[in-house]
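Protein chains in written order, with the working numbering: chain D, 56 to 193; chain X, 29 to 293.
The beta carbon of each residue, even a glycine, is placed where N, CA and C say it ideally should be.
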Amino acid sequence: STNKRRQQNRNRSTQPQEAPRSPSMADYNSSDQKTACRKHELYVSFRELGWQDWIIAPEGYAANYCDGECSFPLNAHMNATNHAIVQTLVHLMNPENVPKPSCAPTKLHAISVLYFDDNSNVILKKYKNMVVRACGCH
Amino acid sequence: SNYIFDGNNEIHSSFIQRRLRTHEKREMQKEILSILGLPHRPRPHLSHGKYNSAPLFMLDLYNTMSNEEKNEVEGFLDRYKSMFTTHGPSLATLQDNAFLNDADMVMSFVNLAQHDRELSPRRRHHREFRFNLSQIPEGEAVTAAEFRIYKECVSEAFKNETFVISVYQVVQEYEDRDADLFLLESRKLWATDEGWLEFDITATSNLWVMNPRHNLGLQFSVEASSGKTVNPKEAGLIGRDGPHDKQPFMVAFFKVSEVHIRTTR
Numbered sequence: 056s057t058n059k060r061r062q063q064n065r066n067r068s069t070q071p072q073e074a075p076r077s078p079s080m081a082d083y084n085s086s087d088q089k090t091a092c093r094k095h096e097l098y099v100s101f102r103e104l105g106w107q108d109w110i111i112a113p114e115g116y117a118a119n120y121c122d123g124e125c126s127f128p129l130n131a132h133m134n135a136t137n138h139a140i141v142q143t144l145v146h147l148m149n150p151e152n153v154p155k156p157s158c159a160p161t162k163l164h165a166i167s168v169l170y171f172d173d174n175s176n177v178i179l180k181k182y183k184n185m186v187v188r189a190c191g192c193h
Numbered sequence: 029s030n031y032i033f034d035g036n037n038e039i040h041s042s043f044i045q046r047r048l049r050t051h052e053k054r055e056m057q058k059e060i061l062s063i064l065g066l067p068h069r070p071r072p073h074l075s076h077g078k079y080n081s082a083p084l085f086m087l088d089l090y091n092t093m094s095n096e097e098k099n100e101v102e103g104f105l106d107r108y109k110s111m112f113t114t115h116g117p118s119l120a121t122l123q124d125n126a127f128l129n130d131a132d133m134v135m136s137f138v139n140l141a142q143h144d145r146e147l148s149p150r151r152r153h154h155r156e157f158r159f160n161l162s163q164i165p166e167g168e169a170v171t172a173a174e175f176r177i178y179k180e181c182v183s184e185a186f187k188n189e190t191f192v193i194s195v196y197q198v199v200q201e202y203e204d205r206d207a208d209l210f211l212l213e214s215r216k217l218w219a220t221d222e223g224w225l226e227f228d229i230t231a232t233s234n235l236w237v238m239n240p241r242h243n244l245g246l247q248f249s250v251e252a253s254s255g256k257t258v259n260p261k262e263a264g265l266i267g268r269d270g271p272h273d274k275q276p277f278m279v280a281f282f283k284v285s286e287v288h289i290r291t292t293r
């Protein structure tokens, strides 16, 4: 509020000013590319499951998954939401109680699966949100 | 694990680094089945092989869909229409039905009538077809359904001849007399016509799904232009004794309800 700001200004003029805390090297290092939030490949193989007697197609699908840290600063991370920025700030202020933003899928795609049922009828079904196309910080 | 593996060489997660125990494998399989909306692993009896007309039709549809999913264009109707270019010529014109655009599941049903039953002399050329619609996943609503039968060219025996092909729903069966039939569609064709014939059985399929005891199958008859009934085989219609890839079957299109039902864990 205006009153507080005035008060702060008065204080600044009389008391030695504490330098604002800038992100330490450790903070920057935590967003290293090795640990940064990103998409990883993960293939679910219907063939390896031994399901080829009833799944006609596909042989499997690249489900993928998201993994990595969403650390300050978030510029390095893909698709960080506005909420993730707030979450990071609150985490920096209270690291013990507030977790960092989560690395999670931002873009999911569908796959189609063709399979037999118990009566040898054939089903072609579209499954939404099966393949992670992109990850980001939430 | 053997069946789920990380394509990335870097170490990211501990569960990838160890082989799953037997019960864990089983649980993982259950989880994947749950994602697919299946209570258990299906055990199909593939006595006729995977290369019957219905699986082939569905595989063509799958390939068309998969190719077009990559391009991220088109509606379901386009995919369905393009089927006819790869699965034999079609004699019927597919109407631009809006419901096909948002269908997200297609299911084919094999004909379960194993033998041509002895019908009365009046209906000796009728053929019967039965389909099991009892295993339709929960939450699916039929938006369209077709009975498909293949017709070959029979120009030599019936030069310049036309046939009237009729499809009936069996309404009531009796032990001592002919079944009551409800005419679904009649269509006039030339003897020289060749390709898949599609008959709209959407209303009938909905009735069968809602009241399975009403599912008494379909009957099919062929008449020459003189009004005389003709053996469907002589008219070029492929039946049970025909090639596997031209067997009659039923196909239905479904729309999934918004609420995805998952088993409670």
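Environment of residue i [buried if 16+ CB atoms lie within 10 Å]
{"i": "P156/D", "result": "buried"}
{"i": "V199/X", "result": "exposed"}
{"i": "D269/X", "result": "exposed"}
{"i": "F104/X", "result": "Confidence at F104/X is low in this model, with a pLDDT of 49, below 50, so the placement of that residue should be treated as unreliable; the coordinate-derived value is given next. Buried."}
{"i": "V141/D", "result": "exposed"}
{"i": "R188/D", "result": "exposed"}
{"i": "A126/X", "result": "Because A126/X carries a pLDDT of 45, less than 50, the predicted location of this residue cannot be relied on, and the following value inherits that uncertainty. When all chains shown are included, A126/X counts as exposed."}
{"i": "K274/X", "result": "buried"}
{"i": "H154/X", "result": "buried"}
{"i": "T50/X", "result": "exposed"}
{"i": "A131/X", "result": "buried"}
{"i": "Q163/X", "result": "exposed"}
{"i": "V153/D", "result": "exposed"}
{"i": "E226/X", "result": "buried"}
{"i": "S13/X", "result": "The structure shown has nothing for residue 13/X, since chain X only spans 29 to 293."}
{"i": "Q107/D", "result": "exposed"}
{"i": "L64/X", "result": "buried"}
Where residue i falls: helix, strand or coil (DSSP)
{"i": "P260/X", "result": "coil"}
{"i": "Q197/X", "result": "strand"}
{"i": "D173/D", "result": "coil"}
{"i": "F281/X", "result": "strand"}
{"i": "N243/X", "result": "coil"}
{"i": "I160/D", "result": "What sits at residue 160/D in the sequence shown is Pro, not Ile. In the structure shown, P160/D sits in a strand (DSSP, three-state: E or B)."}
{"i": "A139/D", "result": "helix"}
{"i": "T190/X", "result": "strand"}
{"i": "D88/X", "result": "helix"}
{"i": "R151/X", "result": "helix"}
{"i": "S94/X", "result": "helix"}
{"i": "A189/D", "result": "strand"}
{"i": "K274/X", "result": "helix"}
{"i": "S100/D", "result": "strand"}
Within-8 Å CB hit, residue i to chain D
{"i": "I229/X", "result": "no"}
{"i": "M135/X", "result": "yes"}
{"i": "N160/X", "result": "yes"}
{"i": "V199/X", "result": "no"}
{"i": "N74/X", "result": "First, the amino acid is wrong: residue 74/X is Leu here, not Asn. Yes, L74/X counts as interfacial toward chain D."}
{"i": "D132/X", "result": "yes"}
{"i": "K149/X", "result": "Strictly speaking, residue 149/X in this sequence is Pro, with Lys absent from that position. By this cut-off, P149/X is not an interface position."}
{"i": "R46/X", "result": "no"}
{"i": "P70/X", "result": "yes"}
{"i": "L20/X", "result": "Because chain X in this structure spans residues 29 to 293, residue 20/X falls outside the shown range and cannot be described."}
{"i": "E195/X", "result": "Note that residue 195/X is Val in the sequence shown here, rather than Glu. No, its Cβ sits nowhere closer than 8 Å to a Cβ of chain D."}
{"i": "A207/X", "result": "no"}
{"i": "Q275/X", "result": "no"}
Extent of the continuous beta strand (DSSP E) run through residue i
{"i": "K94/D", "result": "R93 to H95"}
{"i": "L209/X", "result": "D208 to W218"}
{"i": "R54/X", "result": "Unbroken run through R54/X is the alpha helix (DSSP H), T50 to I63; no beta strand (DSSP E)."}
{"i": "I177/X", "result": "E168 to K179"}
{"i": "I111/D", "result": "I110 to A112"}
{"i": "R155/X", "result": "R155 to F157"}
{"i": "Y120/D", "result": "Y120 to D122"}
{"i": "F137/X", "result": "M133 to V138"}
{"i": "A117/D", "result": "G115 to A117"}
CB contact below 8 Å: residue i versus chain X
{"i": "L129/D", "result": "no"}
{"i": "V99/D", "result": "yes"}
{"i": "Y170/D", "result": "yes"}
{"i": "A189/D", "result": "no"}
{"i": "C192/D", "result": "no"}
{"i": "T112/D", "result": "Note that residue 112/D is Ala in the sequence shown here, rather than Thr. So, interface residue."}
{"i": "W109/D", "result": "yes"}
Continuous alpha helix (DSSP H) stretch holding residue i: start and end
{"i": "E237/X", "result": "This sequence places Val at residue 237/X; Glu is not what is there. Taken as a continuous stretch (DSSP letters only), the alpha helix (DSSP H) holding V237/X covers T230 to M238."}
Within chain A, the residues that residue i reaches when beta carbons sit closer than 8 Å
{"i": "I60/X", "result": "The structure shown contains no chain A; its protein chains are D and X."}
Proximity test, residue i beta-carbon vs the ligand PLP heavy atom, cut-off 7 Å
{"i": "L244/X", "result": "This structure does not include the ligand PLP; it has no bound ligands of any sort."}
(request) Return the residues of the segment 172–184 of chain D that lie within a Cβ-Cβ distance of less than 8 Å from chain X, sorted by chain order. (result) D172, D173, N174, S175, N176, V177, I178, L179, K180, K181 and Y182
(message) Please identify, using Cβ separations under 9 Å, the residues of the segment 141–168 of chain D that lie next to chain X, in order along the chain.
(response) Of all residues in the segment 141–168 of chain D, H164, A165, I166, S167 and V168 have a Cβ within less than 9 Å of some Cβ in chain X.
(request) Using a Cβ-Cβ cut-off of less than 9 Å, list which residues of the segment 82–98 of chain X approach chain D; keep chain order. (result) A82, P83, F85, M86, L87, L89, Y90, N91, M93, S94 and E97
(message) Under 7 Å, CB to CB, which of the residues in the segment 164–191 of chain X have a partner in chain D?
(response) none
(request) Using a Cβ-Cβ cut-off of less than 8 Å, give me the residues of the segment 235–259 of chain X that come near chain D, in sequence order. (result) Legend: CB atoms of the segment 235–259 of chain X lying less than 8 Å from CB atoms of chain D are not found in any residue.
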